[in-house]
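Here the sequence shown is numbered in the UniProt record's numbering, starting from 1 and rising by one per residue.
Just so you know, even glycine gets a beta-carbon here, dropped at the ideal spot from N, CA and C.
Computed from a prediction, not measured in an experiment: that's the story for all the values here.
These notes are about the structure you will find just below.
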Amino acid sequence: MAKRGGFPGGGMPGNMANLMKQAQKMQRQMEEQAKEMETKEFTATAGGGAVEVTVSGSKKLVKVKLDEEVVDPDDVEMLEDLLVAAVNEALDKVDEASAASMSKFTGGMNGLL
1 MAKRGGFPGG
11 GMPGNMANLM
21 KQAQKMQRQM
31 EEQAKEMETK
41 EFTATAGGGA
51 VEVTVSGSKK
61 LVKVKLDEEV
71 VDPDDVEMLE
81 DLLVAAVNEA
91 LDKVDEASAA
101 SMSKFTGGMN
111 GLL
């Protein structure tokens with residue numbers, strides 16, 4: 001009686017070997033995409049442009065620009081709020097760009113993940 005199931009030759013089937021190669025290629029591409037993301041910069045403003053901040057793709061604050069009109073010693077709280085708003089918006093932009101670039105790789109894997 002013939003044996004059922006298993007794979008002829010006892011080795012890894014061709015489809016599995018191809019799948020492993022594709023997974024390794026995808027991993028390299030994802031690493032390259034992550035490195036590229038770190039070199040990008042994202043800028044956001046608050047207070048109608050009175051506060052401008054720039055963060056890197058690795059979520060490091062790299063620049064703050066303030067219009068003189070928002071530097072009011074009698075209203076430091078407003079400046080603090082504007083800085084928080086601008087930094088958070090810039091960080092959100094990093095997250096959105098990162099998610100968009102990674103969706104290239106995970107888009108067809110919904111059923112697997």
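Classify residue i as buried or exposed, calling it buried when 16 or more other Cβ atoms lie within 10 Å of its own Cβ.
{"i": "Gly57", "result": "buried"}
{"i": "Val53", "result": "buried"}
{"i": "Phe105", "result": "exposed"}
{"i": "Val84", "result": "exposed"}
{"i": "Val71", "result": "exposed"}
{"i": "Asn18", "result": "exposed"}
{"i": "residue 115", "result": "Here the chain has residues from 1 to 113 only, and residue 115 is not among them."}
Confirm, please, whether the CB-CB distance from residue j to residue i is below 8 Å.
{"i": "Ala100", "j": "Met37", "result": "no"}
{"i": "Glu41", "j": "Val62", "result": "yes"}
{"i": "Ala90", "j": "Val55", "result": "yes"}
Reducing DSSP to helix, strand and coil, say where residue i ends up.
{"i": "Ser58", "result": "coil"}
{"i": "Asp75", "result": "coil"}
Who does residue i pair with in a DSSP beta bridge?
{"i": "Val53", "result": "Ala44, Val64"}
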